[in-house]
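Quick note: the sequence shown uses the numbering used here, first residue 6, plus one each step. One structure is given below, encoded as structure tokens.
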Amino acid sequence: MGYQEVYDSWKADPEGFWMQAAEAIDWDRKPSKALFDDNAPLYEWFKDGMVNTCWNAVDRHVEGGRGAQAALIHDSPITGTKHVITYAELKDRVASLAGALRAKGIDKGDRVIIYMPMVPEALEAMLACARLGAIHSVVFGGFAANELAVRIDDAKPKAIIAASCGLEPGRVVHYKPLLDGAIELAKHKPDFCVLFQREQEVAALIDGRDYDWHAFQAGVEPAECVPVEGDHPAYILYTSGTTGAPKGVVRPTGGHLVALNWTMKNIYNVDPGDVFWAASDVGWVVGHSYICYGPLIHGNTTIVFEGKPIGTPDAGTFWRIIEEHKVKTFFTAPTAFRAVKREDPKGEFLKKYDLSGLGAIYLAGERADPDTIEWTRELTGKPVYDHWWQTETGYTIAGNPVGIEPLPVKLGSPTVAMPGYDVQILDDAGHEVAPGELGAIAIKLPLPPGTLPTLWNAEERFRKSYLNTFPGYYETGDAGMKDEDGYLWIMARTDDVINVAGHRLSTGGMEEVLASHPDVAECAVIGVSDQLKGQMPVGFLCLTSGVNRPHDEITSECVKLVREKIGPVAAFKLAVVVDRLPKTRSGKILRGTMVSIADGKEFKMPATIDDPAILDEIREALQTIGYAK
6 MGYQEVYDSW
16 KADPEGFWMQ
26 AAEAIDWDRK
36 PSKALFDDNA
46 PLYEWFKDGM
56 VNTCWNAVDR
66 HVEGGRGAQA
76 ALIHDSPITG
86 TKHVITYAEL
96 KDRVASLAGA
106 LRAKGIDKGD
116 RVIIYMPMVP
126 EALEAMLACA
136 RLGAIHSVVF
146 GGFAANELAV
156 RIDDAKPKAI
166 IAASCGLEPG
176 RVVHYKPLLD
186 GAIELAKHKP
196 DFCVLFQREQ
206 EVAALIDGRD
216 YDWHAFQAGV
226 EPAECVPVEG
236 DHPAYILYTS
246 GTTGAPKGVV
256 RPTGGHLVAL
266 NWTMKNIYNV
276 DPGDVFWAAS
286 DVGWVVGHSY
296 ICYGPLIHGN
306 TTIVFEGKPI
316 GTPDAGTFWR
326 IIEEHKVKTF
336 FTAPTAFRAV
346 KREDPKGEFL
356 KKYDLSGLGA
366 IYLAGERADP
376 DTIEWTRELT
386 GKPVYDHWWQ
396 TETGYTIAGN
406 PVGIEPLPVK
416 LGSPTVAMPG
426 YDVQILDDAG
436 HEVAPGELGA
446 IAIKLPLPPG
456 TLPTLWNAEE
466 RFRKSYLNTF
476 PGYYETGDAG
486 MKDEDGYLWI
496 MARTDDVINV
506 AGHRLSTGGM
516 EEVLASHPDV
526 AECAVIGVSD
536 QLKGQMPVGF
546 LCLTSGVNRP
556 HDEITSECVK
566 LVREKIGPVA
576 AFKLAVVVDR
586 LPKTRSGKIL
596 RGTMVSIADG
606 KEFKMPATID
616 DPAILDEIRE
626 ALQTIGYAK
């Protein structure tokens, strides 16, 4: 069957489609049906089944004769170390940690916060919680103490598992003082903490509360897998809400297993035993779905990478790892390739490596501009697929189903909706708009298995954030359009659609044009307040390494380019060159914060910001063109 037949078969019989997909999972008790809609619009999947995530991700592969296969490869160019852990070794390590947690009172339903860098022990902590039916919440390692405290108070963990430190190029990030500060600030106090001591920094332990990772596990009985209900939360993952308070996305166990397993072959086109690499962090949803759970559930080898696309040691790191570890499918964010392109525009580093084993490259996390896709494709000679999804969904909403049938790529589009997702473009009144028209992207309920059923302890906020705007739909918060072929075009967050003299314009469309300029490595467009036109677009340009032409020449060429490609309606007249853009640690550009600076409004410092000092540079750049007074 090709894509259209598979999609149509889901649409004709969603129940049958997902029950068939559920056959690939080991259940302790099979579910009687897929969808439970008695509490609509809060839908649940595989609710009466009993299952264990850790069994499906680890034990069953050992039982099935794959114990000697590499489960994970840790590659840390920062420490210069590499380490392979087989499925059999992973089972022993996870069962040991789970046994120690159980001996200290961690049971099914208890919450455990994990605050760790990119080390195998982070995945082992996640899997040990899953083994016991405990609900983990991974907080990005190095998050500020007050942000960690907010999450402690919301999740109320019985335990926290942390590392002594994280490592960035040229610096050690001290986790333990941040952890101690967070516990002090939080109203809720964990019963105990387990600390993985790294040789780069050994932290002081607090007597009676903190336990050393290795000593904690000494002499304990390994734990077996505890079956849980299909709707039991596997984890809580906090996503920064626009209101400032983080939203705890809940991931249900049964649907999570079924959906992720389905994606590995159908979207990423890997078979059990193949090496899959997602260059992300366990603190983000990509790390949960495609560093830890997806590859392991499917029997792949996953790579845990502690490094950066550039500077550890150079812009060839990605290519080295792909060659050395025989990566079949590679997944990263467009911002990573933009960084590589800026450092090595002609791909000199790539020439040193053999990528013949690589099948394809996948991009997600933010909009993949056509220029970055073209550059990557030309350089590597590999297919490059953009796909679109969210923390809330946990896996692809729209993508290219390469394992079913590779569809023609349209640059700038993540391709088509995946089975389970009925994606529609709506106007403000909730009516579907014509092909090619910009509108709000919404998904007809129910959402498919594995997507969020609610927010942790915040059902009302869940309804308000996602369900109330368009009754019967999940509101994605993204704006875009659909073309005549059903291809989706994600143009901007709804907040980033700007209104210039009554015309709704996408900042993403303007960024696409700016990125096509040969001297521009990266860019962002925001809408600033304007008395006459409502909003005016302003472009921020980061230049490719080695460009030393006058900046005003480049900005005037960029203004001309936008006027040629989009037209005078865009009213695009202002562009400034900056050294870097303010981003979250996962690479998303903080456009909303930039707008607040331009308009002189108060704003809360984003918790996920990579480097707050960049905001001062943005303010100075805006002042040169008459904003941010």
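Glycine included, each C-beta is placed from N, C-alpha and C at the ideal position.
Bounds of the beta strand (DSSP E) holding ALA365 are 365-368.
Per DSSP, the beta bridge partners of THR589 are ILE614.
Within 10 angstroms of the beta-carbon of GLU442 lie fewer than 16 other beta-carbons, which makes it exposed. In the three-state reduction of the DSSP assignment, HIS293 falls in the helix class.
In the same chain as LEU183, and ignoring 5 residues on each side of it, the C-beta atoms closer than 6 Å to its own belong to ALA150, in chain order.
Going by C-alpha positions, SER101 is about 20 Å away from ALA239. Residue range 556-570 is occupied by the alpha helix (DSSP H) that includes CYS563.
Taken atom to atom, the span from the alpha-carbon of THR398 to that of GLY54 is near 21 Å. Counting along the chain, the unbroken alpha helix (DSSP H) around VAL99 starts and ends at 92-108.
In this structure the segment 292-302 does not touch the segment 312-332; the number of beta carbon pairs closer than 8 Å is below three. According to the DSSP assignment, TRP282 belongs to no alpha helix (DSSP H) but to the beta strand (DSSP E) extending over 280-283.
With respect to the 7 Å criterion, GLY455 and GLY260 are classified as neighbours on the basis of their beta carbons. Here the alpha carbon of GLY532 sits roughly 50 Å from the alpha carbon of LEU106. Closest in alpha carbon position to LYS194, among LEU200, GLY186, PRO375, is GLY186. Taking the Cβ atoms as the reference, VAL505 lies roughly 7 Å from GLY539, within the contact range of under 8 Å.
For ASN266, the uninterrupted alpha helix (DSSP H) segment begins and ends at 258-271. The shortest CA-to-CA distance from LEU566 to any of VAL518, LEU537, PRO611 is the one to VAL518. CYS198 is a Cβ neighbour of ASP215, given a cutoff of 7 Å. In this structure, ILE448 sits away from VAL263, with a CB-CB distance that is not shorter than 7 Å. In this structure, DSSP gives ASN504 an extended state, which the three-state scheme calls strand.
Comparing alpha carbon positions, the residue from ALA603, LEU137, MET599, ASP604 closest to PRO611 is MET599. The criterion of a C-beta distance shorter than 7 Å is satisfied by LEU137 and VAL231. A direct Cα-to-Cα measurement between GLY485 and ALA445 gives close to 6 Å. Here DSSP, grouped into helix, strand and coil, assigns GLY482 to strand.
Positions of the beta strand (DSSP E) runs, each at least 3 residues long and wholly inside the segment 10-82, are given as 32-34, 75-81 in order along the chain. According to DSSP, residue pairing for PRO542 in a beta bridge involves GLY532. Take LYS87, set aside five residues on each side of it, and the residues of its chain with a beta-carbon closer than 6 Å to its own are ASP80, in chain order. Following the DSSP letters along the chain, one finds GLN429 inside the beta strand (DSSP E) bounded by residues 428-431. In this structure, the straight-line span from the alpha carbon of ALA626 to that of PRO617 is close to 15 Å. According to the DSSP secondary-structure assignment, LEU132 is paired through a beta bridge with no residue. In this structure, DSSP gives VAL155 a helical state, which the three-state scheme calls helix.
In the three-state DSSP reduction, GLY186 falls in the helix class (H, G or I). With contacts defined as CB atoms closer than 7 Å, PRO125 and VAL309 qualify as a contacting pair.
MET121 and GLY110 have their C-alpha atoms some 22 Å from each other. Spanning the alpha carbons of ILE623 and LEU586 requires a straight line of approximately 8 Å. Around the beta carbon of ALA365, 16 or more other beta carbons sit within 10 angstroms, so the residue counts as buried.
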